[in-house]
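The structure appears below as structure tokens.
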Amino acid sequence: MSETLHTTRAGFVALAGRPNVGKSTLVNGLVGRKIAIVSDKPQTTRRAIRGVATAGDHQLVLVDLPGVQRPRDALTERMQRRVERELEDSDAALMVVNGEEGIGPGDRFIVQTLRGAGVPVVLAVNKVDRLDRARTVQVLTAAAELDIGDDVFPVSARTGAGVGPLREHLAALMPEGPFLFPPEERSDQSLDVTLAELVREQVLRRTFQELPHSVEVKVDEIEDRGEVTVVRALVWVEAESQKGILIGAGGRMIKAIGTAARKELERELGGRVHLELSVRVRRGWRGDEGLLDRLGIE
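So the mapping is simple: my numbering equals the position in the sequence shown, first residue as 1, plus 1070.
As structure tokens, this is what we get:
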């Protein structure tokens, strides 16, 4: 009796797009759980977050690139270099554009980066759930005129609409071969980075426009005490005034951030968490190469 051989496909997909196009939400939707933090602020993604999406006979290793942009300081220079390295190592690229905002100069800048990458490119127009039919057709036409890749997929990362066909198309572009990660694995992030990013997400959600790029979080210690896990984290800002915003009147802001972040950490760890947050001022940390090394921002 002959045994049927099932061919598996696995490879890396680099996600590129302007800030706030919904790449992180799309990664989370494809993986089936929260991997990348979500915020409406630009530069939310500083690291190349790898989400592992396994289904049936294929595995997509999704690299949510930092926002492709013209470098302005040591931090954004590192982010741009990481973009270029990850594209070189990928089997396909997925460019995501914001259907609500339409096509702009930033999208065209990214197209130029992708053209030199030498990998197949797929284009997804996100947030189509917020558009009427006429606007959807208009944006899809403009996206096709970017002339990058052969296919344009309308999707809503928020609702999941259109994500299935996009996933199947990406899977078909992957090389034949064994899975790169165990099927049950969802990310290659270390635990301390995962927890630090969950804390940073809550900082971004609550400080609105006051601290757009000036915050970084580093988890210093994770201590398992049986019934409770103690997590000690440092929140870095660049100025005393920012520290004041983060702590808030009577400590109310940092308390609200800690309460919300603790719930996210408990969901991630599957048990009770005691979170200790400290706020430190480090002037010019985004230009401090040594600190960026220690924070793991390559």
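For each residue, glycine too, the CB sits at the ideal point set by N, CA and C.
The structure presented is a predicted model; accordingly, all values stated were derived computationally and were not measured.
- DSSP links Val1343 through a beta bridge to Thr1299.
- Non-local C-beta neighbours of Ile1327 in its own chain, meaning closer than 6 angstroms and more than five positions away in sequence, comprise Gln1272, Val1273, Arg1276, ordered along the chain.
- Annotation: the continuous beta strand (DSSP E) that includes Ala1162 extends over 1162-1168.
- The region 1237-1249 and the region 1201-1210 do not touch, with fewer than 3 CB-CB distances between them shorter than 8 angstroms.
- Listed in chain order, the non-local C-beta contacts of Asp1177 below 7 angstroms within the same chain comprise Arg1088, Val1167, Leu1216, local neighbours out to five positions each way being set aside.
- When DSSP states are grouped into helix, strand and coil, Ser1257 belongs to the strand group.
- Of all alpha-carbon atoms in Leu1339, Arg1350, Glu1171, Arg1079, the one lying nearest the alpha-carbon of Asn1090 is that of Glu1171.
- One Cα belongs to Ile1292, the other to Gln1312, and the distance between them is close to 26 angstroms.
- Closest in alpha carbon position to Glu1297, among Glu1267, Ala1319, Trp1306, Val1343, is Val1343.
- For Ala1084 against Ala1213, the beta-carbon gap comes to about 18 angstroms, at or over 8 angstroms, which does not count as contact.
- Nearest to Gly1188 by C-alpha distance, out of Ile1218, Glu1334, Glu1267, Gly1126, is Ile1218.
- Residue state for Asp1134 is assigned as strand, using DSSP reduced to three classes.
- Assignment of Leu1193 by DSSP, reduced to helix, strand and coil, places it in the strand class.
- When the beta-carbon positions are compared, Val1301 and Val1285 stay at least 9 angstroms from each other.
- In the assembly as shown, Thr1077 is an exposed residue. Its beta-carbon has fewer than 16 other beta-carbons within 10 Å.
- Secondary structure of Asp1262 (DSSP, three-state): helix.
- Between Ser1226 and Asp1202, the C-beta gap is not smaller than 9 angstroms, which leaves the two residues out of contact.
- With a minimum length of 3 residues, the unbroken runs of beta strand (DSSP E) contained wholly in the region 1177-1235 fall at 1191-1196, 1222-1224.
- Under the three-state reduction of DSSP output, Val1289 falls in the strand class.
- Straight-line spacing of the CA atoms in Arg1228 and Leu1347 works out to 30 angstroms.
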